[in-house]
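So the protein sequences, as listed, match chains C and P.
In terms of the numbering used here, the first sequence opens at residue 16 and continues consecutively.
In terms of the numbering used here, the second sequence opens at residue 21 and continues consecutively.
In this text, a Cβ means the ideal position worked out from N, Cα and C, and glycines have one as well.
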Amino acid sequence: MKRTLIATLSFVVTMLLVALVNWFEIESNNIDKINKKHLSEIERLNKIAKINTWLDTVIQPHIASLPTNKELADQNLVKYFDLYSKNLHFRVSHYIYGEENLRNLDIEFTVDRDQKKSILQLMQLQYTQGFLQFNNFEINKGKIKGELHLIQPFYGENNASDQ
Amino acid sequence: MKTFYTLSIHNDFASILYIKKKKKIFDVVNEETIEVDELSDYLQGKKAFHVVIHIEEVFDDIITVPSAINSKKLLTGYILKKFKDTLSTKNILLNFNQITKNKEDKTLTYRVDAVNEKEYIEKLDYIPDLKEIKSATIDKFALLNLSQKCYQNVRGYGYFSVHTYANVVTILVIDDKGDLLFERTSQSLAGVDSSKYHNIFEEINQSIAYVKQQFRNIDFSTILISGSLALDDQAAEHLYFATNLSIAAIYPNTFISGLVDEEPQFHIISLGSIFVKKKDMFIPSKIHNVKEYAITTLFVMIFSLFSLFAVSYYAVDKYIQYSDALERYDNIKSRLVRIVKHTDTFSTQKLQRANQYLQTVEAFSQNHPSDVLLTLKPLITMLKPLSYSFSTKDVENPKIAIVFEKKFTSLNALYNFEKRFKNIFIDINNNKEFHYTKTTDYATMKFHVEISKVYEESPADAPGDSLDLEARIL
């Protein structure tokens, strides 16, 4: 009788333990799934943090250095033109025009192929306040000719306030 | 240390010995004689019983069985049928042992003993827990087994074992191989000691004479005496003179402790129950069933406990896994909360402005003529370009074209130069961004090649991801 009782109790407890094992397995799997989700979220947030740092340290200073209005933007373009007009024989091909938050100036240039200093200056041209793009560039018959496109972005005072 | 009880149930009384076995010595710790009616209560909670039951009427016979009957079941059926034919009662408990094998007529001779099952079980029913019965037999087999334990017969000679208890005389005839040949139990009716012994000796003498006549082919050497007879010095002397056989007494004191001097002689049958062989037991099917049930339940219990243990181990393992998963969850969760806390959320306006700026950078920071010249530097170093044109007028498809031209005086020089030029170009143009158009005039030996590039992708898809852009801005 005692043995039967022990055997019955053991079987009952065994069955309960089997059920408990199943529950542990299901719960462990669920937790693992959640952990996986959290880990991918952490990875995503880490990327966001990197982008944030990059935006803060690289992009935002650039944006902060941009002119805050159209007049300042135009002045930048004009000053840049005057700076190189003599050496690179600048000629305005399309005077300052603009879209929203962008001012443009197209400039033609001509350099003799023999004027090495001017060629070097031309190749090293940079427009740090905005962007510079070659619309045309041609070397032919001892002449280097082309057209430069100066782009000057600017932001209004409202925009500048939250930088 | 093993402990057990011997129970000798004789009529209305039960003689009980409580024995502890230490190595090969049986230590009688307690001896008691009680009425059988009190036996059930007395044995409550006690374990391991060797039982000897005194049955008034024991049926015995010699039965010849064809040797073709060899399975135990058939043999039992055959013997039972033959035996029952001669008995009035139908419910008997059998015990049979093969004595001889007759090769001539292919038969086997069995010595069969039987007891009335009802009478036998009635006595056993006093024992509260039947599964605790280790052995059960009748008194003559207890005496037989103790005789075999205590006496080593002379080779080629049989012997007699004579036991007297109160007024009961039991005479066993044991052959030279140790098998029981004949048994006789009788009661002396005389009350006075001297006439009782006279009757006993008479009984013994008659039995020995009968046996010698019946089993002429067997020589007997000894009379083994036990019980009250062994306590009487004159009895041995008298028997010796009457039978001319040597006399020996069962003397279990060498392996029994706790009983001193002559005390063991009063418990010969009880002590004999310890040594009863399985073939000499009378175990009713009821006890077999109880024991089988006990074994089955024991097996089931062990199996269930083993299962419980195995599943418990598995459950602990799973719990540890679950607990680890929970711990990992807590760690990851706290990491996530910390990162969320430390990750800034930019305003939409700020992000829009950065995006606008980056789009502008993306659109205007490519297509610089210097980039192309740097890429084609090995070719330019080899041969100064005749012309170079770069146009982004068509913003969607800016075009670059460089013309190389050189006149040769020998075709071999032209061939070698052209080959080298092409190889360098192939090395440079790994990602196939340039087109190579050859218009060499071999008649005038003028090398002429135009290398061009057309941006077919829209500026937004142009090479360089945000990190390239970052590098470029830096």
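- Unbroken alpha helix (DSSP H) stretches of 4 residues or longer found wholly inside the stretch 295 to 367 of chain P: 305 to 362, given in chain order.
- Straight through space, the alpha carbons of Y130 (chain P) and M301 (chain P) are spaced by roughly 16 Å.
- The beta carbon of I448 (chain P) sits closer than 8 Å to those of T395, L396, P398, L399 and F454, all from its chain and outside the five residues before and after it, given in chain order.
- Interface criterion met: the Cβ of N61 (chain C) is under 9 Å from a Cβ in chain P.
- Cβ proximity to chain C below 7 Å picks out T317, L318, V320, M321, S324, L325, S327, L328, V331 and S332 from the stretch 305 to 333 of chain P.
- Chain P places a beta carbon closer than 9 Å to that of Y170 (chain C), counting this residue as a contact.
- Proximity of T401 (chain P) to chain C, defined by a Cβ-Cβ separation below 9 Å, is not satisfied.
- At least 9 Å separates the beta-carbon of L163 (chain C) from that of N155 (chain C).
- Proximity of V469 (chain P) to chain C, defined by a Cβ-Cβ separation below 9 Å, is not satisfied.
- At least one beta carbon of chain C lies nearer than 9 Å to the beta carbon of K353 (chain P).
- When the beta-carbon positions are compared, Q285 (chain P) and L244 (chain P) stay at least 9 Å from each other.
- Straight through space, the alpha carbons of K67 (chain P) and V296 (chain P) are spaced by roughly 18 Å.
- Per the C-alpha coordinates, the member of P:I444, P:V231, P:S227 and P:G292 positioned closest to S246 (chain P) is P:G292.
- Across the stretch 164 to 177 of chain P, no CB contact with chain C closer than 7 Å is found for any residue.
- When the five nearest sequence neighbours on each side are left out, the beta carbons in the same chain lying within less than 6 Å of the beta carbon of V188 (chain P) are those of Q207, in order along the chain.
- For the stretch 35 to 88 of chain C, the continuous alpha helix (DSSP H) assignments of 4+ residues that do not extend past its boundaries occur at 75 to 80, in sequence order.
- Taking all protein chains shown into account, D195 (chain P) has 16 or more neighbouring C-beta atoms within 10 Å of its C-beta and is therefore buried.
- Under the Cβ distance rule, H53 (chain C) counts among the residues neighbouring chain P, one pair being separated by less than 9 Å.
- Annotation for K160 (chain P): the continuous alpha helix (DSSP H) segment containing it runs D159 to C170.
- The beta carbon of N115 (chain P) is closer than 6 Å to those of D133 and F302 in its chain, skipping five residues each way along the sequence.
- Straight across, the Cα-Cα distance linking P76 (chain C) with N443 (chain P) is about 45 Å.
- In the three-state scheme derived from DSSP, where H, G and I count as helix and E and B as strand, Q141 (chain C) is classed as coil.
- Residue state for P405 (chain P) is assigned as coil, using DSSP reduced to three classes.
- Inter-segment contact for the stretch 338 to 354 of chain P and the stretch 48 to 60 of chain C is present: three or more beta-carbon pairs are separated by less than 8 Å.
- Less than 9 Å divides the Cβ of R118 (chain C) from the Cβ of Q167 (chain C).
- From the beta-carbon of K338 (chain P), the residues of chain C found nearer than 7 Å are V36, F39 and E40.
- In this structure, H74 (chain P) lies away from Y25 (chain P), with their beta-carbon atoms at least 9 Å apart.
- DSSP places I75 (chain P) in no alpha helix (DSSP H); its state is neither H nor E.
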